[in-house]
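First comes the structure, then the notes that go with it.
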Amino acid sequence: MYAIEIENLTKSYGNFKAVDNLTLKVEKGITFGFLGPNGAGKTTTILSMIGLIIPDSGSIRILGEDVFREPVKVKERIGYLPENATIYEELTAWRNLEFFANFYKMSRQEKEKRIEELLKMVGLWDVRYRKVKTFSKGMKQRLLLAQTLINDPEVLILDEPTSGLDPEGAYLVKNIVREERKKGKTVFFSSHILSEVEELSNRVGIIVKGKLRALGPLEDIKREFMELEGYEIKVETKQKLPQIELPEIIRIEKVNENKAIIFAKEDIREQLSELLAKKGATIVSLKVEEPSLEDVFLRTIYRRSD
Amino acid sequence: MTDVPPIFNIALKDIYESMRTKRLIITFAIFLLAGAGMAYWMKTSIMKMAMEFQTENMSMIRGTQLSAVKYFLAVLSVLLGADAINREIEGGTIKATLSHPIYRDQFILGKYFGRALTVLFAFLLFAVSNVAFLLILGIPVSSDAFMTFIKPLPFFVLFSLVYLAFGVFLSTLLRKPLNAIIVAVLLPILLEFIYPTAVSAIIVFRAVGSGAPPTDIGALQESLGKIYMLLSTVPGHHLDNINNAIFYGFTSSDIVEGGFGSLVAFQTQNVSYYEAIGLAWKHIAALIVMLLLPFAIAYTKFMKADLR
Numbered sequence: 226m227y228a229i230e231i232e233n234l235t236k237s238y239g240n241f242k243a244v245d246n247l248t249l250k251v252e253k254g255i256t257f258g259f260l261g262p263n264g265a266g267k268t269t270t271i272l273s274m275i276g277l278i279i280p281d282s283g284s285i286r287i288l289g290e291d292v293f294r295e296p297v298k299v300k301e302r303i304g305y306l307p308e309n310a311t312i313y314e315e316l317t318a319w320r321n322l323e324f325f326a327n328f329y330k331m332s333r334q335e336k337e338k339r340i341e342e343l344l345k346m347v348g349l350w351d352v353r354y355r356k357v358k359t360f361s362k363g364m365k366q367r368l369l370l371a372q373t374l375i376n377d378p379e380v381l382i383l384d385e386p387t388s389g390l391d392p393e394g395a396y397l398v399k400n401i402v403r404e405e406r407k408k409g410k411t412v413f414f415s416s417h418i419l420s421e422v423e424e425l426s427n428r429v430g431i432i433v434k435g436k437l438r439a440l441g442p443l444e445d446i447k448r449e450f451m452e453l454e455g456y457e458i459k460v461e462t463k464q465k466l467p468q469i470e471l472p473e474i475i476r477i478e479k480v481n482e483n484k485a486i487i488f489a490k491e492d493i494r495e496q497l498s499e500l501l502a503k504k505g506a507t508i509v510s511l512k513v514e515e516p517s518l519e520d521v522f523l524r525t526i527y528r529r530s531d
Numbered sequence: 473m474t475d476v477p478p479i480f481n482i483a484l485k486d487i488y489e490s491m492r493t494k495r496l497i498i499t500f501a502i503f504l505l506a507g508a509g510m511a512y513w514m515k516t517s518i519m520k521m522a523m524e525f526q527t528e529n530m531s532m533i534r535g536t537q538l539s540a541v542k543y544f545l546a547v548l549s550v551l552l553g554a555d556a557i558n559r560e561i562e563g564g565t566i567k568a569t570l571s572h573p574i575y576r577d578q579f580i581l582g583k584y585f586g587r588a589l590t591v592l593f594a595f596l597l598f599a600v601s602n603v604a605f606l607l608i609l610g611i612p613v614s615s616d617a618f619m620t621f622i623k624p625l626p627f628f629v630l631f632s633l634v635y636l637a638f639g640v641f642l643s644t645l646l647r648k649p650l651n652a653i654i655v656a657v658l659l660p661i662l663l664e665f666i667y668p669t670a671v672s673a674i675i676v677f678r679a680v681g682s683g684a685p686p687t688d689i690g691a692l693q694e695s696l697g698k699i700y701m702l703l704s705t706v707p708g709h710h711l712d713n714i715n716n717a718i719f720y721g722f723t724s725s726d727i728v729e730g731g732f733g734s735l736v737a738f739q740t741q742n743v744s745y746y747e748a749i750g751l752a753w754k755h756i757a758a759l760i761v762m763l764l765l766p767f768a769i770a771y772t773k774f775m776k777a778d779l780r
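Protein chains in written order, with this note's numbering: chain A, 226 to 531; chain B, 473 to 780.
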């Protein structure tokens, strides 16, 4: 069963198509990184998942329930961290969480226990009776994160969760994501920080101009990228590098006498080692350089976008 | 289980939140001062009268005072409603709130109820301070006088709710709270002052445009009918008529239908509260329609809006 199923989602603002026939499925228990440049349609997709935006067409199901037909049933089981949002500034941290907790069927003791747990978790326990308007941006973001977790959700939807956070805050968010993943929760998060996506997610989706350009486990996306864009093989020999000629080679960039980077259509390490052995060269190292997520991301945006 | 209904949760949060704003504290202070000022006005008015007319005129003074309060109420109510929704959208707080198990209609109703309770509280503050200051100034408030004060209150509340609905309508129509607040300040001035003055002036000018003295009672009555018809879009006009029915026993339609002669007859009539409501039922119905119409538009707009 999928935690999130988006089918043929389309949303336009005037003539601009923010999301164009997007189909995306996210399995239960995984951490899904949703990547895309600004204006690619990430936030529109996420807001549609919460029911804050009404799409032109398509459907969204979360934990088997239709988001637009059964909004309350869905929202009882999810937690959402909005991007660039704030929390009620005239209320204290405690009163804010109490307000959100009141939407759930919990006893007073359960509510108080949960609020205490969360405030301690996000490091705001000591300032729980202070008005939010006196908080720093990072503190507000941490309180927002706490409200996301108030109902111990099965699916967490985080829109740019570390945006505007100091390193300590970002570390806290990442830790929470890891903890939730350990508990078997599904985490769907959008980000433009590629290292963060690489670090946290086991599946990635890249959206460009409202269309999904890449989807799957990070390793698969990288492999697919290499097959499409070519392999980058680094070779180093003890002796001077001999002349290398193979039909799969696109070009060779010499670093020095012993080192070179070979760009090939496929993984030719076996053929290379045979050729070098024949020519009497001793191999010091021969490895395929994996593309970074940044390479994949940038190429996806600039090469594949129409 | 502590199961707080979502509408009340939103309403209580809204009251709790607004009680902590300087804007509301200033508004409450104005209402408190208005209550005191009106008590002083009543005292000076009564002292100027001959003793035998005091009791008879007490209700008339009260009616005039309450008509003046309507301007305050209109401005306060429309201002309270004007940033009910758009401020939540602008600040992004609506995104966090609506991600919890609550329907959109519960949100807008909760916001409306929260603000309505705040208006009621302000009005209650005015009423209590008014009675308290009357007692402080040495004017005895008999049970009859108190009833005189209480009788029109439900209609003042209805009038406030109409302007609150106008405010909520503005808050769904205009994305920027500041723009909505500017329009909200102008709206009661336009509806309650400029428009009625302009309508009356134009129609009277046309009726007596020849410069001849207005001797034709029938023509004047016809002009008055036109004025009242055009004023039927103004909430304050209906409130004034309900007030007139309660305090003087007549409404504008009675004058138009019965002629000026009926005014004298009505003035001497001492109608009961239920009779007054019977007389003013059209105006009460008009206020209810004026409450429901803008709220229904705001509701529909909000239900279909993209909350980005």
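Idealized CB from N, CA, C, for every residue including glycine.
These numbers come from a predicted model, not from an experiment.
What is the rounded straight-line gap between the Cα of residue i and the Cα of residue j?
i, j, result
"residue 374/A", "residue 289/A", "21 Å"
"residue 517/A", "residue 418/A", "13 Å"
"residue 531/A", "residue 523/A", "With a pLDDT of 46 at residue 531/A, under the threshold of 50, the modelled position of this residue cannot be trusted, and the question is left open."
"residue 421/A", "residue 391/A", "14 Å"
"residue 710/B", "residue 755/B", "5 Å"
"residue 468/A", "residue 520/A", "29 Å"
"residue 307/A", "residue 541/B", "43 Å"
"residue 282/A", "residue 509/A", "57 Å"
"residue 458/A", "residue 441/A", "24 Å"
"residue 423/A", "residue 776/B", "37 Å"
"residue 319/A", "residue 671/B", "54 Å"
"residue 502/B", "residue 594/B", "9 Å"
"residue 658/B", "residue 571/B", "35 Å"
"residue 512/A", "residue 576/B", "57 Å"
"residue 292/A", "residue 299/A", "6 Å"
"residue 447/A", "residue 514/A", "11 Å"
"residue 771/B", "residue 724/B", "33 Å"
"residue 507/A", "residue 476/A", "22 Å"
"residue 634/B", "residue 762/B", "6 Å"
"residue 451/A", "residue 502/A", "26 Å"
"residue 403/A", "residue 644/B", "40 Å"
"residue 460/A", "residue 453/A", "21 Å"
"residue 668/B", "residue 706/B", "8 Å"
"residue 277/A", "residue 569/B", "11 Å"
"residue 676/B", "residue 620/B", "34 Å"
Please list the partners that residue i has in chain A, where partner means a Cβ-to-Cβ separation under 7 Å.
i, result
"residue 481/B", "324, 327, 328"
"residue 575/B", "296, 297"
"residue 476/B", "327"
Would you mind giving the Cβ-Cβ distance between residue i and residue j, rounded to the nearest angstrom? I have them listed as a contact below 8 Å.
i, j, result
"residue 758/B", "residue 704/B", "6 Å"
"residue 487/B", "residue 578/B", "With a Cβ gap of about 16 Å, residue 487/B and residue 578/B do not count as contacting."
"residue 496/B", "residue 558/B", "The pair is not a contact, with the Cβ atoms about 18 Å apart (cut-off 8 Å)."
"residue 779/B", "residue 567/B", "7 Å"
"residue 305/A", "residue 275/A", "5 Å"
"residue 433/A", "residue 262/A", "7 Å"
For residue i, go through chain B and note every residue whose CB falls closer than 7 Å to its CB, in chain order.
i, result
"residue 372/A", "568"
"residue 315/A", "489, 492, 493"
"residue 305/A", "571"
"residue 229/A", "Under the 7 Å cutoff, chain B gives no residues; its nearest Cβ is about 15 Å from residue 229/A."
Do residue i and residue j have their C-beta atoms closer together than 8 Å?
i, j, result
"residue 187/A", "residue 466/A", "Lying before the first or after the last residue shown, residue 187/A is absent from chain A, which here runs from 226 to 531."
"residue 355/A", "residue 387/A", "no"
"residue 483/B", "residue 586/B", "yes"
"residue 383/A", "residue 367/A", "no"
"residue 326/A", "residue 369/A", "no"
"residue 344/A", "residue 371/A", "yes"
"residue 481/B", "residue 563/B", "no"
"residue 555/B", "residue 660/B", "no"
"residue 511/B", "residue 651/B", "no"
"residue 243/A", "residue 287/A", "no"
"residue 438/B", "residue 774/B", "Outside the shown range of chain B (473 to 780) lies residue 438/B, about which nothing can therefore be said."
Under 8 Å between C-beta atoms, does residue i make it to chain C?
i, result
"residue 386/A", "The structure shown contains no chain C; its protein chains are A and B."
Run down chain B in chain order and give the residues with a C-beta less than 8 Å from the C-beta of residue i.
i, result
"residue 246/A", "Ordered by position in chain B, no residue passes the 8 Å Cβ test against residue 246/A, which lies about 19 Å from the chain."
"residue 278/A", "778, 779, 780"
Please compile the residues from chain B whose C-beta is within a distance smaller than 9 Å of the C-beta of residue i.
i, result
"residue 311/A", "563, 564, 565, 568"
"residue 272/A", "567, 778, 779, 780"
Given that residue i touches chain A, what residues does it touch there, using C-beta distances under 9 Å?
i, result
"residue 647/B", "Result: empty, since nearest Cβ-Cβ is about 14 Å, beyond 9 Å."
### Contact between the stretch 547-554 of chain B and the stretch 638-647 of chain B (3+ Cβ pairs under 8 Å)
yes
### Query
Taking one C-beta from the stretch 249-264 of chain A and one from the stretch 398-417 of chain A each time, how about it: are there three or more such pairs within less than 8 Å?
yes
### Query
Are there three or more Cβ pairs, one per stretch, closer than 8 Å when the stretch 593-604 of chain B is compared with the stretch 499-511 of chain B?
yes
### Task
Tell me, please, whether the stretch 256-263 of chain A touches the stretch 426-435 of chain A by the rule of three or more beta-carbon pairs shorter than 8 Å.
yes
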